[in-house]
Structures are given as C-alpha cells and as structure tokens.
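Each residue of the sequence shown is one higher than the last, beginning at 1 in full-length UniProt numbering. One structure is given here, and the rest of the page talks about it.
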Amino acid sequence: MYKEDVKLAARELYGVRNELSVVDRLLLRGDCIIIPYKMRKEILNRIHDGYPGISKSRERAKQAVWWPGISKDIQQMHGIPETVISDNGRQFTSQEFKTCATAWNFHHITSSPHYLQANGEAERAVQTAKKILQQTDQHLALLTYRATPIPSLGKSPAELAFGCRLRTRLPMIPKLLSPNGVNHKQLKYKDERAKVSQKRYFDQHSHPQPSLHPGDPVLIKLDGEKGWKQPR
C-alpha cells in the first residue's frame with residue numbers, strides 16, 4: 001500500500017505503520033497511546049503539570065502517549081525566550097543557529113571568546129549539571145536542585161517557575177506546599193542588587209588592564225599552541 005492510497009486523516013501515521021496496534025479499542029504506537037488531534041491540547045496541559053523543562057516533559061510523554069510532532073508541540077508550550085546567551089561554540093555561531101534565531105524571533109548574545117567569566121551564569125549551570133551527573137541517584141539530585149532556594153532570591157527554581165515548593169524527602173507541613181505566588185518585580189530587584197554586590201566584590205580584587213597603543217610590543221597565544229609568542 002502506498003501513502004497516496006491511505007485516507008488523508010491517517011497519512012500522518014504512514015511512516016510508523018509497522019509499529020501500530022489496537023488494544024482495548026485504543027490505537028497504539030508501541031506501548032504509547034496515539035492521541036487524536038482534538039485531544040492533543042488537553043494532553044499537552046497534562047504533560048506539563050508540575051514538570052519543569054522541555055526535556056522532562058518529553059521524557060514523561062514518552063512513557064504514555066504519542067502523536068506526530070509531539071516534541072515540537074511540547075517545546076512550543078514553554079514559550080520562546082527573548083534573549084539567549086551562549087559562548088562561541090560552533091553550534092551557536094553556525095548559520096543554522098542564526099536562521100533559528102531569526103525564525104523564532106529571539107536575540108542571541110555571545111560571551112567574550114576564551115574568557116569563561118564573561119558567561120558566568122552558563123558556566124555555573126554547567127558545573128551544577130556535572131555535579132548532578134556525578135551523583136548515584138541523578139533523579140534525586142535533580143529534585144534537590146530544583147527544590148533548593150537560590151540564596152540571593154530566597155526562592156527555589158521550582159517556585160520561580162511554578163509558584164509553589166516541591167515535595168521532597170524532607171518532612172514539610174502541607175501548607176508550605178500550597179501555591180504561594182511569586183512577586184517577579186521584587187525578585188528582579190533582589191537579583192539586580194545581588195549582581196551589583198558581586199560586581200563590587202569582584203572589582204576590589206581586579207584592576208583594569210593598561211591601554212594599548214599602536215607600536216606597543218605585545219605577546220599572543222594562539223589556539224592549540226603552548227606559551228606566548230611575539231607576533232610576526
């Protein structure tokens with residue numbers, strides 16, 4: 001049977017036709033229920049309930065449901081960022097990523113090359129991810145991270161995203177798990193104050209580099225080479 005011979009409503013399933021089955025009048029792909037078009041919005045809302053992040057939502061969906069394009073639909077639920085900050089890795093400087101930024105209408109900012117401190121937030125996130133991966137129970141470590149308050153804000157990542165605390169293995173009275181709302185204006189002010197304080201501390205131990213003028217002798221260090229050299 002060719003794709004053109006299939007009814008229009010079923011053509012989107014043609015590519016996975018060998019994986020389909022019917023159990024208790026439910027159409028399945030493998031062990032996942034295939035969700036009809038009219039029910040997908042409701043199921044998307046259920047997938048998103050209580051689960052922060054695109055990757056986590058995708059993993060939850062893989063356990064139970066499927067339809068063509070489900071991964072893109074999950075990503076769209078989380079919205080598009082206004083600004084994306086990254087280092088100068090090839091994946092971020094490629095024409096493909098530039099096209100993506102234009103198509104999805106977000107502003108892309110890169111940090112200073114070869115200067116990790118210029119992208120401090122991303123570097124800290126990488127360090128945190130590495131620590132989580134080193135733990136025996138990574139799911140528990142991730143839960144702990146999401147439930148731990150950020151010192152400068154007094155709120156956990158889960159509270160910032162969903163307005164409520166997460167239930168962990170630490171005992172907590174039910175009232176503290178109820179939605180408590182988030183004052184984003186106040187949190188933004190706290191965040192700005194914390195960054196000003198961090199900058200002030202950093203400036204106490206650093207000094208601006210002397211200005212360079214045409215003709216001044218300098219040394220350079222090229223990628224992949226050891227030591228400093230005089231330019232030719």
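Each residue gets a CB set at the ideal place from its N, CA and C atoms; glycine is no exception. Quick caveat: nothing in here was measured; it's all calculated off a predicted structure.
- Around the beta carbon of Asp87, a 10 Å sphere encloses 16 or more other beta carbons of the protein chains shown; the residue is thus reported as buried.
- Trp66 is a Cβ neighbour of Cys32, given a cutoff of 8 Å.
- One alpha carbon belongs to Ser71, the other to Lys185, and they sit about 32 Å apart.
- An exposed status is given to Arg169, since fewer than 16 other beta-carbon atoms sit within 10 Å of its beta-carbon.
- In summary, Arg165 is buried, with 16 or more beta-carbon neighbours lying within 10 Å of its beta-carbon over all protein chains present.
- Going by DSSP, Val23 is part of the beta strand (DSSP E) stretching over Leu20 to Val23.
- Around the beta-carbon of Ala64, fewer than 16 other beta-carbon atoms lie within 10 Å, marking it exposed.
- Proximity of the region 170-179 to the region 193-206 falls short of the contact definition, fewer than three beta-carbon pairs being nearer than 8 Å.
- Under the DSSP definition of a beta bridge, Thr128 lacks any partner.
- Taking 8 Å as the cut-off, the beta carbon of Glu82 is found closer than this to the beta carbon of Phe106.
- Rounded to the nearest angstrom, the Cβ distance from Pro231 to Val218 is 7 Å, consistent with a contact under 8 Å.
- Only buried fits Ala158, as 16 or more other CB atoms lie within 10 angstroms of its CB.
- Secondary structure note for Leu28: its beta strand (DSSP E) is the uninterrupted segment Leu26 to Arg29.
- When DSSP states are grouped into helix, strand and coil, His107 belongs to the strand group.
- If you check the CB distance, Arg29 and Val16 come in under 8 Å.
- Pairing Thr110 with Phe92 gives a Cβ-Cβ distance under 8 Å.
- Lys190 is positioned such that its CB atom lies no closer than 8 Å to that of Ser156.
- Arg124 counts as exposed, since fewer than 16 other beta carbons sit within 10 angstroms of its beta carbon.
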